[in-house]
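J.: First, the structure itself, so that you have it in front of you.
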Amino acid sequence: MRDITTFRLYPVEGCTLYVRVHIHRTIKLMRAHSAALHVRGISSDKVGRGCGGFCANWQLWYKIGARWQRDPCVAEVNMCLYYKGTNVAMHELFHATAAWGRRVGLKWRRLDDDDAVNSSEEDLAYIHGELCRQFVNRAYKAGIYT
104 MRDITTFRLY
114 PVEGCTLYVR
124 VHIHRTIKLM
134 RAHSAALHVR
144 GISSDKVGRG
154 CGGFCANWQL
164 WYKIGARWQR
174 DPCVAEVNMC
184 LYYKGTNVAM
194 HELFHATAAW
204 GRRVGLKWRR
214 LDDDDAVNSS
224 EEDLAYIHGE
234 LCRQFVNRAY
244 KAGIYT
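Heads up: the sequence shown is residues 104 to 249, going by our numbering.
Written as structure tokens, this is what we have:
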């Protein structure tokens, strides 16, 4: 395997918003990537001992001509090949799902409503399921899973 395998996951078909996934060959490489993100001012949790992955919220803006545009990447999920299990993957993808919800203005207070299942909860569940499905498919194609 290369030092890093990268692919994109799209929460909604036909949408320009996406989640970037990096699977690093070693924890050392993942920590170096995390440090580089901090230098660039990207918000990510500090990668500690035994950490199998992390998710960085992606809130970058760039200028095209006279106009500012927001980066369509909503989050960057980073994992170490050694911790490629579904527990770490689904955990980090949930952080990416939450980042998508914040970007599109999901009504988070609706999750506290007393009704059993509401549209905000359904939206989150659908997006999380779609990210997980795409992740597993891409991981198999990349040889991460056999």
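For glycine and all other residues, C-beta sits at the position ideal for the given N, C-alpha and C.
Please read these numbers as outputs of a predicted model, since none were measured by experiment.
Mark W161 as exposed unless 16 or more other C-beta atoms lie within 10 angstroms of its C-beta, in which case mark it buried.
T.: As a working note, residue 161 is residue 58 in the sequence shown. So W161 ends up on the buried side.
J.: Looking at the ligand FMN, does it come within less than 7 Å of F197, judged from the CB to the closest heavy atom?
T.: Absence of the ligand FMN from the depicted structure is noted, as is the absence of any ligand whatsoever, leaving it without description.
J.: Measuring CB atoms only, is the region 170–178 touching the region 128–142, in the sense that at least three cross pairs come out at less than 8 Å?
T.: Short answer: they don't touch.
J.: Look up R128 in the DSSP assignment and say whether it is helix, strand or coil.
T.: To locate residue 128, count along the sequence shown from 1; it is residue 25. Three-state result, R128: coil.
J.: Since G246 and V191 should fall inside the 8 Å C-beta cutoff, what is the C-beta to C-beta distance between them, to a whole number of angstroms?
T.: For the purposes of this step, residue 246 is taken as the residue at position 143 of the sequence shown. For the purposes of this step, residue 191 is taken as the residue at position 88 of the sequence shown. Wrong, their Cβ atoms sit about 18 Å apart, outside the cutoff.
J.: Does the distance from the CB of A242 to the CB of V122 come in under 8 Å?
T.: Position 139 of the sequence shown, counted from the start, is the residue given in the question as residue 242. Position 19 of the sequence shown, counted from the start, is the residue given in the question as residue 122. No, the pair does not count as a contact, with Cβ atoms beyond the cut-off.
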